[in-house]
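Numbering (our numbering), first residue to last: 76 to 443.
Quick reminder that beta carbons are idealized off the backbone N, C-alpha and C, glycines included.
Shown next, in structure tokens, is the structure this report addresses.
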Ligand SMILES: Cc1ncc(COP(=O)(O)O)c(C=O)c1O
């Protein structure tokens, strides 16, 4: 069977070896006569699955013992509310606390709108004036800021923080949905990180939260139980039925990553893939990458076709994505709110996929 190279921002490509392993274990997992999908989350068999997944994540990400690892539902979007509710929200009729949000475009903005229901989300830095094509210089936190929030890799804008802001004693919170396990991060620098699974971790349906012990004791009494980190911490992610199959799939993805040499090995390849593609774009004289070189994402490569006439450009880019799809290079359209083109090259995208894309881009350029 021919498999396509899928450049989707998420849900995204998974390694064939992982899918084949899941297929082989689908009907009868580990000789227990049932699929993981059918298994109660209270069984010993499932305990082994979730424990293994957690310990692999801890090993690969370097999660210290004084951090909790949670497997939740509701997507990264639910974290846009859970973070302020647990880290800064107050009882009804009390004045709001404040928190810092750095505005790096859609995803940071969505987090800001959601947080503004629960805290004063102040945004002392923004790259909006230049269409979010860079990471702004982060101002220091103020001592009474409850937390300091960044989107470590902006999937839509194609930007990435390469240096973390100095926040003093204020906990740093990061949305790592589109860069988790793509490069090493020092978890100790963060109070909390979260990521939806559907990019570097597995299928959609599970959100991973890594949170420092002691940071999450403050959810107000009105907070829904499902949105209270303490409830999930106390029950070790089994407060309600967790996304069992997704957790199992994350475990398989982590085993695959471990076998390929872990995050360091993935980072090396990711840098190589991104450099190949950005260098080609920069030198092509036909394509253009809008993000400043220093702040370019390794995972989500944004580009467009250079053409003065906006209508003509749109038509060309439409033709590009259609012909690419026919050539087995899928999902290269930019996000509907950002336009242009985008190649998401997560851990599971082999370097051959990037080479095939460059070859296609070169043919397309010559044909126009
Ligand atoms: C950086 C980032 N944050 C949050 C989200 C929202 O994730 P979800 O759709 O899982 O809620 C996405 C989705 O692509 C994302 O890329």
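- Remark: the C-beta of residue 202 is outside contact range of ligand 1, defined as less than 7 Å to any heavy atom.
- Across the structure, residue 421 and residue 167 are spaced so that their CA atoms are roughly 42 Å apart.
- In the three-state reduction of the DSSP assignment, residue 363 falls in the strand class.
- Within the chosen limit of 7 Å, ligand 1 reaches the beta carbon of residue 250 through at least one heavy atom.
- Residue 322: member of the alpha helix (DSSP H) spanning 319-334, first to last residue.
- If you ignore the 5 residues before and after residue 160, its C-beta comes within less than 7 Å of the C-beta of 193, 294, 298 and 302, all in its own chain and listed in chain order.
- The Cβ neighbour count for residue 381, taken over all protein chains shown within 10 Å, is under 16; the residue is labelled exposed.
- Of the candidates 209, 212, 213 and 152, 152 places its Cα closest to the Cα of residue 187.
- CA-to-CA, the gap between residue 247 and residue 156 works out to about 16 Å.
- Apart from the 5 residues on each side of it in sequence, residue 145 sits with its Cβ closer than 6 Å to the Cβ of 284, 307 and 312 in its chain, given in chain order.
- Taking a C-beta distance under 8 Å as the contact criterion, residue 175 and residue 197 qualify as a contact pair.
- For residue 234, the distance from the CB to the nearest heavy atom of ligand 1 is not below 7 Å.
- Put simply, of 250, 325 and 264 the residue whose alpha carbon is nearest the alpha carbon of residue 270 is 250.
- Under the Cβ criterion (8 Å, minimum of three pairs), the stretch 197-214 counts as touching the stretch 363-381.
- By the neighbour-count criterion, in which 16 or more other beta carbons inside 10 Å mark a residue as buried, residue 189 falls on the buried side.
- Look at residue 171 here: in three-state DSSP terms it is coil, with no helix or strand label.
- As DSSP reads the structure, residue 287 sits in a beta bridge with 142.
- For a cut-off of 8 Å, the C-beta gap from residue 162 to residue 290 is around 7 Å, short enough to register as a contact.
- DSSP lists 418 as the bridge partner or partners of residue 376.
- By the Cβ-count criterion, residue 316 is exposed, with fewer than 16 other Cβ atoms from all chains shown falling within 10 Å of its own Cβ.
- A Cβ-Cβ distance of about 15 Å is found for the pair residue 335 and residue 276, leaving them out of contact under the 8 Å criterion.
- Taking C-beta separations shorter than 8 Å and ignoring five residues to either side along the sequence, the partners of residue 136 in its chain run 255, 256, 260, 262, 285 and 338, following chain order.
- When the five nearest sequence neighbours on each side are left out, the beta carbons in the same chain lying within less than 7 Å of the beta carbon of residue 86 are those of 273, 278 and 279, in order along the chain.
- Note on residue 81: 16 or more other CB atoms within 10 angstroms of its CB, so buried under the neighbour-count rule.
- In terms of CA proximity to residue 231, 377 leads the group 441, 377, 389 and 404.
- The alpha-carbon separation between residue 407 and residue 392 amounts to approximately 9 Å.
- Counting along the chain, the unbroken beta strand (DSSP E) around residue 223 starts and ends at 220-226.
- The three-state secondary structure of residue 442, taken from DSSP, is helix.
- Residue 149 and residue 403 have their C-alpha atoms roughly 32 Å apart.
- For residue 342, the closest of 424, 305 and 183 by C-alpha to C-alpha distance is 424.
- In the structure shown, the three-state DSSP call for residue 430 is helix.
- Rounded to the nearest whole angstrom, the C-alpha separation of residue 88 and residue 222 is 33 Å.
- Fully enclosed alpha helix (DSSP H) runs of no fewer than 4 residues occupy 91-100 and 119-136 of the stretch 81-143, in order along the chain.
- Rounded to whole angstroms, residue 234 and residue 213 show a C-alpha spacing of 15 Å.
- Taking the C-beta atoms as reference points, residue 182 is found no nearer than 8 Å to residue 210.
- Assigned with DSSP and collapsed to three states, residue 158 falls in helix.
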